[in-house]
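The structure appears below as structure tokens.
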Amino acid sequence: MTGSDIVTAFATLAACGAAALGANCGMGPDAMAEIFRKNMPRISLLGLPLAAWSNAGLPKLIDGKTVYSLAPDDFAAAAAGFAEMGIGIIGGCCGTTPEHIAALAKATAGRCFDAGRQNSARFFLTSRTRTLDADAEKLLLLGERLNPSVRKNFASDLKEGRQNFLREESRKQSAEGAHVLDINVGLPGIDEPHAMRSSIAVLCSTVDIPLMIDSDNPAVIEKGLMMYPGIPIINSVNGTKESMESILPLVKRFGCFIVAMCIDEAGIYREAEKRIAAGEKIVERIIAEGIDKSRIIVDALMLAESAEPGAAIETLKVIEHFASRGIKTSVGLSNISFGLPQRKFVNNVFLTMAARKGLSAAIVNTASARIIDGEYSFEESLAADFLTGRDAGAAKYIANLKNAGTSAPEELKPIEEEGIIGRVNRAVIEGNTDSIEELISSALAEHSPRDIMDSGLLAALETVGEKYSAGEYFLPQMISSANAMKKGFIKLKPLLAASGGAENTGKVIICTVKGDVHDIGKNIVVMMLENHGFEVHDLGKDVAASEIIEQALRLKPDIICLSSLLTTTMGEMEKVSNLMKENQIRIPLMVGGAVVNDEYAQEIGAHYSDDAAACVEKAKKLMGRT
């Protein structure tokens, strides 16, 4: 449901301290083995024992009983393939019996071996849906533009509780090639822990690249880590006792990568030797805490060359030292060119120099950052002279480039759409809850409430449903879009009622059946139905068949919707169907859930939908609305 693949899930769990990694249930051994086989080259890098516990085939409901297709010998023959891949913990899940396990033990006796598993762990950066091997990338580009100190639009949004800038800027940096996004919400007068938490929630449903949580406040970092569904970078820790005692426990608890600033109680040193000494002490302390060296990124500290002549050369020495020791390094690139015209030339020349010394990562403006291949251009040559001390005070550089003016942070322009209805539509598709009400107000000057509802809100939600069904959107995007739609609908609802256009699509009662406490999917269906005009009565989860019938007789709904995630609770759906017949409740019954299929629905006299969008379409058809 969340879109996480097996490598991302395993990498995240490994970094969080798992002793072994495995998959269970869900499918038969052949299908599970294929997933492992495709991903084994990367999974093996995690350096942990692997486990596989598959079902005895996919379940079927026959004469009211759950039946699994694979006999013990067939199951064992298929599951033995796990041993051949070097998976050392093999068992059975749903449908397996002591006979299945005995057959499996016989089939795998003496066959388990290590298929290239590493002796030491390899750690990966992860988001909810992407795994990034920091050791395999020549240079990690860390997008710098989510920072209110240099982005006025972001600062304004944070103060007002809006997130327009965050959505637009994160998408832009991702498209520009950022490997990781640095998120900083440090702004006076706001609830910073809350701002970090809400910002990460938005970013995780907007882009799929990993994040770097940037704050000097441990409470802010912890809030962000609790929200983040993966392994991020923490920016940062320094050599002070307070910093290490507050930040390093978070690194251990959440399995993060950590940026270590070459700073101690004395502050920032200009000289490379003193920075190196400070950095070495921090690295030693981090490793002593049981944090793997591969998770450490030493920030060499980038001072402004125009204010601190020689700063570039000193920083390159720090980078070279730690890189030679196999420790990752980083810099905040834009500091080097502070106060100069045409800063991209200075930035890119220094980035190229640093990369040649072994730089691992850089916080950059991804719109302009690049490693220079081949000979320098005229402007780049001027920048190189300045950075290496051949152009004291940047005299030649400024003389040649001052007419271009000093660059300033670029303010984003709002996304332009053709027509206000199109902008309403776009806001729902992107889950933009901040702008939807304002856009609807503007649309009302030109269009009727019904046109806005049909062409703006409902059409957008249909697009979201198509993206979800096609695997382009996952659960977080679905929720964001549904929330935007709901906010827009609330604004339109009284106007629709006043114009006679708020006709109720139908009444639905919905719940998760007895014995099943999983309700994420059901909750999404509720939002989708409500957003399409249905009056929905949500009975909750773990609801007995008798309670469903009692509420149906009281509420007199047009449709009953049931959800089940477990094979062990599917039978409750048939109980409801039978009780409906006994009580002469002649209305459609809709069923869905991870283990439910159309064949089972037909067996119990119900209608089936495989996701929330399909449920809405089916419900509308049953009500004669399409």
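Using this note's numbering, you'd call the opening residue of the sequence shown number 22 and step up by one each time. Cβ coordinates follow ideal geometry from the N, Cα and C atoms, glycine included.
- Comparing alpha carbon positions, the residue from Pro253, Ser567, Val319, Ile242 closest to Ile268 is Ile242.
- Boundaries of the alpha helix (DSSP H) harbouring Tyr418: 416-422, taken from the DSSP string.
- By the C-beta density criterion, Ala333 is buried, having at least 16 other C-beta atoms within 10 angstroms.
- DSSP places Ile450 in the uninterrupted alpha helix (DSSP H) bounded by 441-450.
- Under the 8 Å Cβ criterion, the region 55-65 does not count as touching the region 273-284, having fewer than three qualifying pairs.
- Under a 10 Å Cβ-count criterion, Asp84 is classified as exposed, with fewer than 16 other Cβ atoms of the shown protein chains found around its own Cβ.
- For Ser195, the enclosing alpha helix (DSSP H) covers residues 185-196.
- For Cys582, the enclosing beta strand (DSSP E) stretches over residues 580-584.
- Counting every other CB atom within 10 Å of its CB across the protein chains shown gives Cys37 a total below 16, marking it as exposed.
- Separation of the CB atoms of Thr117 and Ile252 is rounded to 33 Å, and the pair is thereby denied contact status at 8 Å.
- DSSP places Ala413 in the helix class (H, G or I) of the three-state scheme.
- Its Cα nearest to that of Ala157, the residue Ala382 stands out among Val557, Ala480, Met248, Ala382.
- When only Cα atoms are considered, Leu67 and Gly477 end up about 47 Å apart.
- Contact annotation: Asn552 and Phe510 have beta-carbon atoms nearer than 8 Å.
- Two segments are said to touch when three or more pairs of C-beta atoms, one from each, lie closer than 8 Å; by this definition the region 592-600 does not touch the region 628-635.
- Straight across, the Cα-Cα distance linking Gly440 with Asp455 is about 19 Å.
- Excluding five sequence positions before and after Gly198, the CB atoms of its chain that fall closer than 7 Å to its own CB belong to Leu162, Thr387, given in chain order.
- About 6 Å separates the beta carbons of Leu69 and Ala35, which is inside the 8 Å limit, making them a contact pair.
- The Cβ atoms of Glu165 and Val385 lie closer than 8 Å to each other.
- Between Leu187 and Ser220, the beta carbon gap of about 6 Å places them in contact (Cβ cut-off 8 Å).
- Per the DSSP secondary-structure output, Glu556 pairs in a beta bridge with Lys528.
- When DSSP states are grouped into helix, strand and coil, Ala333 belongs to the helix group.
- With a cut-off of 8 Å on Cβ pairs, the region 497-506 is in contact with the region 209-229, counting three or more such pairs.
- In the same chain as Asp94, and ignoring 5 residues on each side of it, the C-beta atoms closer than 6 Å to its own belong to Ala124, in chain order.
- Taking each of Gly210, Glu213, Asn168 in turn and checking the Cα distance to Ser191, the smallest one comes out for Asn168.
- Classified as buried, Glu451 has 16 or more neighbouring CB atoms from the shown chains inside 10 Å of its CB.
- Taken in chain order, the complete alpha helix (DSSP H) segments of 4 residues or longer contained in the region 76-126 are 93-105.
- Your pair Ser257 and Met282 checks out as a contact, with CB atoms roughly 5 Å apart and the cut at 8 Å.
- Going by beta carbons, Thr533 and Asp579 fall outside the 8 Å limit.
- In the three-state scheme derived from DSSP, where H, G and I count as helix and E and B as strand, Arg172 is classed as coil.
- The beta carbon of Ile317 sits closer than 7 Å to those of Ile279, Ala281, Val304, Ile307, Ile348, Lys349, all from its chain and outside the five residues before and after it, given in chain order.
- Here His628 is buried: its Cβ has 16 or more other Cβ atoms, across all protein chains shown, within 10 Å.
- It is roughly 45 Å from the alpha-carbon of Ala222 to the alpha-carbon of Ala92.
- For Phe144, there is no enclosing alpha helix (DSSP H), as DSSP marks it with neither H nor E.
- Ala383 has Leu162, Val352 as its beta-bridge partners, per DSSP.
- Membership of Val272 in the alpha helix (DSSP H) is indicated by the continuous run 262-275.
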